[in-house]
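Written out below as structure tokens is the structure these notes cover.
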Amino acid sequence: MEKNFESLTPKNDIDISTYEEALSFALAEKTITNIALAGPYGAGKSSVIESYKMKHPEKGFMNISLTHFEGNEATGTNILEGKIINQLLHQIDYNKIPQTIFKIKNNTKKSTLWKYTILILVFICSALLVVKFKNWTRYLNGSFTNKNSGKLVMNLVKFLSSEQFNLIVLCIFTGSIVFFMYSIIKFQINKQFLKKITIKGNEIEIFQDQNESYFDKFMNDVIYLFTSSGKNVVIFEDLDRFNNPTIYERLYEINLLVNKRLAVNKKKNQIKFIYLIKDDAFTSKDRTKLFDFIIPIIPVIDSSNSFEQFIQTFKDAGISNDFDIKVLRKLSLYIDDMRLLKNISNEYLIYKDRLSEITLDNNKLLATIIYKNLFPKDFSKFQLGIGFINEIFSKKSSLIQDIIEKIEKQISNLEKQLEDSEIETLNSVNELDALFLKNPTDGFYTVNEKKESDFENRSDFIAAIKNNSFDVKQATYTSGYYSSELKTTLSAKNISGIFEELKDKKEYLVKLNNLNNKESTKRTNLINKKEELKLRMEKVYSESMSDVLLSSEIDLNDFINKLECDENLIKSPYFDLIIFIVREGLIDENYTDYLTYFYENNLNIEDKEFLRGIYDRRPKEWTYSLTNFDRITTELSVEELIRFKVLNLDLSIFYIENMDKYDSEVTAIFNVIRNSESSVYILDIYERFKEEKKLLNFFGILESKWNLVLKDLISLNLEKRLKIEEFIYIAIFYFSDSSVKDNDSTIKIKDFIEQSSDFEEYLKVSDIPSEDYLKRLSKLNIKFMEINATKIQTKKIVELNMFQLSENNLKNAFMVYELDINKRFYSDNISLLLSEEILKVNIYENQLNVLLS
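Residue numbering for the sequence shown is 258 to 1110, as defined by my numbering.
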């Protein structure tokens, strides 16, 4: 299947209608030479400028892009200037800038090499001839002038030794010197390779300009490069990444000087600078001083519309159906860069294809790739097992211990509340108020004209006050002026405030709480809450890191603040993403399958698929076939069996058959079955052991791990009713009396078994003798409602008195014992039946008379 990858380069065909109008205005206006396109990273600034360039190629654009991703104040202006010069040099035809002092390495043409080689050879030869011409003449005359020399040779020798030839050589020599001097002077003028010469200890600067500073030397050549470039618009990208505002001042000055130089040289064109910057490149209004025109770029993607961009990008890539829409919506909140989103899509396509040997959770794979793109440095550590996420995972044990301690504290508090409520002697709030309410120091209260002594007890007095809306009369003792006799003065008063003040006393509140807990419903709630906490404490050991972080006992912010973490990571605006993907389980403890290839060793692809399905909470059906149990059991811990509710027939049977080695795992498996909605799963395990004739071993283990299984199965109303019946009938035979005779279980089992005595088919599959089986049932005091067994079994049922008295059961008993059943059945046969030795001990005449009357 062809994959739809996305290029990360800027698009050049987007709609730029308003931007185009603004750019055209700025480029046409002579007073505007410094233009800024401002917007956040990923807003689409590059796409806007590339689309404009595509529409207006005649304007002559040149791009200078300075890639830098960890900008800081230490990046010097000179370094940035050097980078700009370097890019300028490589975008301008070198033949247009012969006077530049900067050298570009280039391959020299062979023809040029040959030209200079020949010129140097001619110069050397001509120099030798000029200096040694007399020697040259003697050599020619001595070597080539003899009697045997021909006329042509003699004439040639005569010419080469003549003054005319000497003059020609001298001219050539002089011309060579002139040529070399011209080349050297030209090179010196253009390149200034000789900066200084020293004569008798004195330095003399060649071509010295007294007004030229170091900056001028550097910038003069830069201005020369710009004016010689043949371009009208220079675009600067990513300068803001260096966090160096000074470079903008330098470029502003260059632009000013460049355009002045063009004006002096009477050039009609201008060179305009366009800067692509982020909005916060300047922290004040200074940017309006540096730029003559600012065009804001509205972001293509931000946190408010990122979900829609996610959907569209993944739809274009053909992967939109790979993900849970809720997960996508949450992840999209952390992506605000279109280029980043495209790269995430590209990497997902590659990872998904390359890791396709095993079935992975696409949501987890996407989360891993997003983490990789936002935190590449930490991701590389993550692959080595030392990243920040690994630091989180390493704290799981300590977090679980913290949770356990907090739960134990809650349980201890509940136990104290229950204990305090048990020993509390007060029985009502009125008694409590009676205990704490004090009478006035100089009198007493009356309610409805009654004193406290008029009530049976003080509690009733308090109840009367409350029923009267706390309105009382306060009796105050006063002494007469002339007499020592005390007088009582009554005044109306509402004392509700005094009752409220009682709640400010700690001792009062403690006893009030004890009273509340003493109430049966509240006490039951406390007991239930205590049991829930105990169950929670058992389960916490098997919880995933995601579950642990989501637990109410953990302060997530406090936990994260205590972790050792790279400062740059914490300062990242995307830091919360790491917490989110771990908390949501999108990256869990079993992350390695999402990072590298799977190679079959002693764990084959099917077994790996099974494990991967468990970790991703997408379990295979429980009939899924497994091969290498030793390796699988090594991979799965007891906690994971419980946490992921692992149910697989092959694995469960392996554990049960090897319980001496995997006792804890067997316990975990039966706990999972018992606490899940898949109790019927036990029937499939039973079928496997039945086929292998190992029922005795199976039921022995089952009873030790789940002794209430019969009661639990009887309570189920399932389609597999016949299988449940078979299972219960067989299990009763193998289970001990203590398991079967549980108070609650016995009633349910008796009711179930007594429905029918037709168990012959069930006994056949288990090789249990029917006589032995009936004896086992008789211990449970089973009384079949209807006898529909074989003749032999019916006799045994009657012998053991295992049937309920009914007309049909009596008829069946008569038929088995070949007793006469006729129209006199309801009278004669009673005495006849009672006379039968085999029946008389089991059937009582008064019961029959009542039944048959």
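For each residue, glycine too, the CB sits at the ideal point set by N, CA and C.
query	result
heavy atom of the ligand SAM below 7 Å from isoleucine 425 C-beta	With respect to the ligand SAM, the structure offers nothing, as it holds no ligand at all.
Selected residue, minimal CA-CA separation from tyrosine 505, among Gly487, Arg544 and Ile528	Arg544
Cβ pair count under 8 Å reaching 3, the segment 861–872 against the segment 892–903	yes
Distance between beta carbons of asparagine 696 and aspartate 728, contact taken as under 8 Å	Actually they are not in contact, since the Cβ atoms of aspartate 728 and asparagine 696 sit about 17 Å apart, beyond 8 Å.
Selected residue, minimal CA-CA separation from asparagine 773, among Leu834, Asn684, Tyr734 and Phe701	Asn684
Opposing strand residues paired with proline 697 [DSSP bridges]	Answer by DSSP bridge pairing: none, since proline 697 is not bridged.
Valine 387 beta carbon less than 8 Å from that of valine 426	yes
Glutamine 467 - DSSP class collapsed to helix/strand/coil	The pLDDT assigned to glutamine 467 is 41, lower than 50, so where the model puts this residue is not dependable; a value taken from the coordinates is nonetheless given after this. Looking at glutamine 467 - three-state DSSP - the assignment turns out to be coil, as it is neither helix nor strand.
Residue range of the unbroken beta strand (DSSP E) whose run includes tyrosine 912	First-last for tyrosine 912: 906–914, but that is the alpha helix (DSSP H), not the beta strand (DSSP E).
Rounded separation between glutamine 667 and isoleucine 811 - CA only	14 Å
Cβ-Cβ separation, leucine 807 to glutamate 648 (assumed contact under 8 Å), whole Å	That pair is no contact at about 19 Å.
Integer-rounded CB distance, given that isoleucine 615 should sit under 8 Å from aspartate 850	6 Å
Stretch pair the segment 279–288 + the segment 565–582: three plus CB contacts closer than 8 Å	no
Terminal residues of the alpha helix (DSSP H) in which methionine 595 lies	595–611
CA-to-CA distance, lysine 572 to lysine 268, given in whole angstroms	18 Å
Residue interval of the beta strand (DSSP E) (run including valine 490)	490–494
Member of Lys723, Arg840, Lys443 and Arg780 whose CA lies at the smallest distance from the CA of valine 805	Arg840
N-terminal and C-terminal residue of the alpha helix (DSSP H) that tyrosine 373 is part of	367–388
For leucine 533, the residue or residues it bridges with in DSSP	Leu294 and Glu494
Ordered list of alpha helix (DSSP H) runs contained in the segment 607–663, each at least 4 residues	619–631, 633–640 and 645–651
C-beta atoms of isoleucine 646 and leucine 588 nearer than 8 Å	no
Simplified DSSP state of glutamate 524, which is helix, strand or coil	Position check: residue 524 holds lysine in this sequence, whereas glutamate was assumed. Three-state result, lysine 524: coil.
C-alpha gap between serine 264 and phenylalanine 832, whole angstroms	27 Å
Counted within 10 angstroms of its Cβ, other Cβ atoms place phenylalanine 214 as buried (16 or more) or exposed	This structure gives no information on residue 214, because the portion of the chain shown stretches from 258 to 1110.
Contact under 8 Å by Cβ, leucine 908 with phenylalanine 886	yes
Counterpart residues of valine 729 in DSSP-defined beta bridges	Lys750
Where lysine 260 sits in the DSSP three-state scheme	coil
Segment contact, 8 Å Cβ cut-off, at least three pairs: the segment 546–561 with the segment 288–306	yes
Extent of the continuous beta strand (DSSP E) run through asparagine 320	318–322
Chain-order list of residues whose beta-carbon lies under 8 Å from that of aspartate 699 (same chain, five-residue window excluded)	Thr733 and Tyr734
For isoleucine 568 and alanine 574, the rounded distance between their alpha carbons	10 Å
Spatial distance of lysine 918 from asparagine 964 (CA atoms)	21 Å
Environment of valine 521 [buried if 16+ CB atoms lie within 10 Å]	exposed
Residues of its chain near alanine 538, where Cβ-Cβ distance is below 6 Å and the 5 sequence neighbours each way are ignored	Asp497
Contact the segment 338–352 vs the segment 387–396: 3+ CB pairs below 8 Å	no
Beta carbon of serine 433 nearer than 8 Å to that of phenylalanine 380	yes
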